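Chains as they are written, first to last, in my numbering: chain B, 4 to 109; chain H, 4 to 109.
The C-beta atom is built at its ideal place from N, Cα and C for all residues, glycine as well.
Computed from a predicted model, the values in this text were never measured in an experiment.
Everything below concerns the one structure shown next.
Number of protein chains: 2
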Amino acid sequence: MVMAINLIAGKWAIPVLWHLLLTEDPLRFTEIRRRVPPITQKELTKQLRLFEEQGLVIRKPRPTVSPHVEYEATPLGRSFYGALDILRLWMIEHVDEVQQPKIRNS
Amino acid sequence: MVMAINLIAGKWAIPVLWHLLLTEDPLRFTEIRRRVPPITQKELTKQLRLFEEQGLVIRKPRPTVSPHVEYEATPLGRSFYGALDILRLWMIEHVDEVQQPKIRNS
DNA sequence: CAGTATCCTTTAGGATACTG
DNA sequence: CAGTATCCTAAAGGATACTG
Chain B
4 MVMAINLIAG
14 KWAIPVLWHL
24 LLTEDPLRFT
34 EIRRRVPPIT
44 QKELTKQLRL
54 FEEQGLVIRK
64 PRPTVSPHVE
74 YEATPLGRSF
84 YGALDILRLW
94 MIEHVDEVQQ
104 PKIRNS
Chain H
4 MVMAINLIAG
14 KWAIPVLWHL
24 LLTEDPLRFT
34 EIRRRVPPIT
44 QKELTKQLRL
54 FEEQGLVIRK
64 PRPTVSPHVE
74 YEATPLGRSF
84 YGALDILRLW
94 MIEHVDEVQQ
104 PKIRNS
């Protein structure tokens with residue numbers, strides 16, 4: 004459980020993965036960046052490398068005339084859709100009941 | 004979705020919440036610590052305060068002869084059980100497919 | 001276009017000592 | 001027993017400049 008949560012920990016993990024799960028098609032680096040503002044190049048690169056290492060996402064360089072790189076969820080990545088969707092539904096149902104902590108104390 | 008994940012982000016959030024969800028009974032501070040090693044007093048206090056602020060857990064001081072404090076999941080906290088269980092089941096099913104990243108790069 | 005490299009600030013979290 | 005307070009280190013993450 005903790006391991007599963009670690010996959011989607013980090014500020015940008017869910018937004019990035021979610022966009023890759025919402026489409027059948029691969030997305031280009033720049034396109035992901037456009038859909039997940041305001042993520043920086045550094046953080047997007049880091050997150051994609053991490054997903055790739057973990058096997059949730061596959062990287063596909065396209066050495067065409069206008070060279071670019073596409074990213075796509077693997078079957079393992081796609082198997083995570085249900086868990087994310089449960090979290091999404093829980094949030095929709097309970098968002099109003101959750102109190103926002105003044106400071107995430109320290 | 005991101006909001007839901009933030010509730011259970013942090014190193015000790017899931018272990019602490021899970022133990023409170025697995026029992027009907029309130030748990031004492033020291034009992035939680037015993038079940039979630041090796042959490043420090045500081046981190047357990049911080050996490051419980053955070054859950055309390057968010058409305059997932061309720062704090063019940065018992066001013067008895069041997070004074071102590073009990074913690075219990077609220078109905079809102081208990082409503083999170085399903086989401087955590089999905090993550091648990093996903094992990095059980097896919098733990099072997101996930102590659103451990105060498106370094107959680109930076 | 002899709003990255004690296006570097007510098008910097010903020011936050012998380014551990015260790016330890018102390019207290020009503 | 002159930003905390004605070006303090007100090008410290010490590011990790012996360014932002015900003016910016018550079019590159020094959």
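Below 8 Å on the Cβ atoms is my guess for leucine 59 of chain H versus alanine 76 of chain H; work out the distance and round it to an integer in Å.
-> The beta-carbon separation of leucine 59 of chain H and alanine 76 of chain H, rounded to 7 Å, stays under the 8 Å limit for a contact.
Look at the alpha carbon of glycine 80 of chain H and the alpha carbon of leucine 47 of chain H, and state the distance between them as a whole number of angstroms.
-> Taken atom to atom, the span from the alpha-carbon of glycine 80 of chain H to that of leucine 47 of chain H is near 17 Å.
Tell me whether isoleucine 61 of chain H sits in a helix, a strand or coil according to DSSP, three-state version.
-> For isoleucine 61 of chain H, the secondary structure class from DSSP, reduced to helix, strand or coil, is strand.
Counted within 10 angstroms of its Cβ, other Cβ atoms place isoleucine 95 of chain H as buried (16 or more) or exposed | Classification of isoleucine 95 of chain H: exposed, given that the 10 Å Cβ count is below 16.
Close-in-space but distant-in-sequence residues of the same chain around isoleucine 61 of chain H (CB under 6 Å, 5 per side omitted) | Result list for isoleucine 61 of chain H: Glu75 and Thr77, in chain order.
Rounded to whole angstroms, what's the CA-CA distance from proline 40 of chain B to histidine 71 of chain H? Just pull it up for me.
-> Straight-line measurement puts the Cα of histidine 71 of chain H at about 47 Å from the Cα of proline 40 of chain B.
So what does DSSP say about valine 72 of chain H, is it helix, strand or coil?
-> It is a strand residue.
Taking only the alpha-carbon atoms, compute the straight-line gap between isoleucine 35 of chain B and arginine 31 of chain H and give it to the nearest angstrom.
-> Between isoleucine 35 of chain B and arginine 31 of chain H, the alpha-carbon positions lie close to 46 Å from each other.
Which chain H residues are close to valine 1 of chain B, counting only those with a beta carbon under 7 Å from its beta carbon?
-> The structure shown does not extend to residue 1 of chain B, since chain B is modelled only from 4 through 109, so no value can be given for it.
With 9 Å set as the bound, which would you pick, yes or no: does the beta-carbon of serine 82 of chain B sit closer than that to a beta-carbon of chain H?
-> Taking Cβ atoms only, chain H reaches closer than 9 Å to serine 82 of chain B, which makes this a yes.
Check whether the Cβ of serine 109 of chain B lies closer than 9 Å to any Cβ atom in chain H.
-> With a pLDDT of only 40 at serine 109 of chain B, under the threshold of 50, the placement of this residue in the model should not be trusted, and no figure is reported.
Who pairs with leucine 30 of chain B in a beta bridge, going by DSSP?
-> Note: leucine 30 of chain B sits in a beta bridge opposite B/Tyr74.
Nearest neighbour of histidine 22 of chain H, chosen from H/Ile8, H/Arg37, H/Gly13 and H/Pro104 [CA to CA] = Nearest of H/Ile8, H/Arg37, H/Gly13 and H/Pro104 to histidine 22 of chain H, Cα basis: H/Arg37.
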